[in-house]
Amino acid sequence: MSDDLSKRVELATQGINPQTKPDERRRYLGSLRERVYVRMNNTEVKGPELTSLFLKHIDDFKGYTILINGNITDDGFLGEVEAACSKKNIPFTLVNNETAKTGPEDSAVLVVSKNAINRQRIEITQVYAPEMPKTELKAPEKKESFWHKLLHGEK
Numbered sequence: 482m483s484d485d486l487s488k489r490v491e492l493a494t495q496g497i498n499p500q501t502k503p504d505e506r507r508r509y510l511g512s513l514r515e516r517v518y519v520r521m522n523n524t525e526v527k528g529p530e531l532t533s534l535f536l537k538h539i540d541d542f543k544g545y546t547i548l549i550n551g552n553i554t555d556d557g558f559l560g561e562v563e564a565a566c567s568k569k570n571i572p573f574t575l576v577n578n579e580t581a582k583t584g585p586e587d588s589a590v591l592v593v594s595k596n597a598i599n600r601q602r603i604e605i606t607q608v609y610a611p612e613m614p615k616t617e618l619k620a621p622e623k624k625e626s627f628w629h630k631l632l633h634g635e636k
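Per my numbering, residue 482 is the first one in the sequence shown, and the count goes up by one each step.
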C-alpha cells in the first residue's frame, strides 16, 4: 500500500494523474457508467422509431448533458439531436476522440449527469418502452350452447 502511495505521489509531482476506470471511460464516451441516465448504441440510432422515442423524451434530459459520438455516419440523427438540444437549452458535446468507436454495440448517444446516479437500466428500450403498434381486437364469436340448440333447434 505504501508503494502505491509513493508511486502515486511521484507521478503527481511529474504532472501525471492516472485515470480511474479507463476501460469504462472508453465504453461510455469518456464518462462513467454510474453517471449514465440513458444510452443508445450505434445500431439503435439508425432506427427511426428509437430516434423519435429519444426526441420525444428530450424534455426529461434537462439538467443532464448529452454526449454524442462524433464519428456517427448518420448526419440526420446528429442534426435532429443537436437542433432539439439547442431549442431546449440542453448542453451537448460531440466526442471525437479514441472513445468514439463505430461498432454496432458501441455508444452513440449518452445522457449523463455530473454526479453518480447509479441506474440499473440505462438502455433506451429499458428506460422508455417503445410504443407498440395498435391492433384492433376482434370480438369472439358467440357459440350457441348445446341446450339452446336442443331446445330451440338449429337456425
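A virtual CB, placed ideally from N, CA and C, is assigned to each residue, including glycine.
With a Cβ-Cβ cutoff of 9 Å, do residue i and residue j count as a contact?
{"i": "CYS546", "j": "PRO572", "result": "The sequence given here has Thr at residue 546, not Cys. Yes, Cβ-Cβ distance for THR546 and PRO572 is below 9 Å."}
{"i": "VAL519", "j": "VAL576", "result": "no"}
{"i": "VAL490", "j": "LEU591", "result": "no"}
{"i": "GLY551", "j": "ALA581", "result": "yes"}
{"i": "THR501", "j": "LEU492", "result": "no"}
{"i": "GLU561", "j": "ASN522", "result": "no"}
{"i": "THR574", "j": "ILE549", "result": "yes"}
{"i": "GLY511", "j": "ASN578", "result": "yes"}
{"i": "PHE558", "j": "THR532", "result": "yes"}
{"i": "LYS568", "j": "PHE542", "result": "no"}
So, is residue i buried or exposed, given that buried needs 16 or more other C-beta atoms within 10 angstroms?
{"i": "GLU525", "result": "buried"}
{"i": "PHE535", "result": "buried"}
{"i": "PHE627", "result": "exposed"}
{"i": "ARG508", "result": "buried"}
{"i": "ALA589", "result": "buried"}
{"i": "ILE603", "result": "buried"}
At which residues does the beta strand (DSSP E) containing residue i begin and terminate?
{"i": "ARG507", "result": "That residue, ARG507, is in no beta strand (DSSP E); its alpha helix (DSSP H) goes 503 to 508."}
Kindly indicate which three-state DSSP category residue i falls into: helix, strand or coil?
{"i": "GLU515", "result": "helix"}
{"i": "THR574", "result": "strand"}
{"i": "ARG520", "result": "strand"}
{"i": "GLU625", "result": "coil"}
{"i": "ILE549", "result": "strand"}
{"i": "GLU604", "result": "strand"}
{"i": "ILE598", "result": "coil"}
{"i": "ALA581", "result": "coil"}
Starting from residue i, trace the alpha helix (DSSP H) both ways and give me its first and last residue.
{"i": "ALA589", "result": "Taken as a continuous stretch (DSSP letters only), ALA589 belongs to no alpha helix (DSSP H), being part of the beta strand (DSSP E) at 588 to 593."}
{"i": "ALA564", "result": "556 to 569"}
{"i": "PHE535", "result": "529 to 537"}
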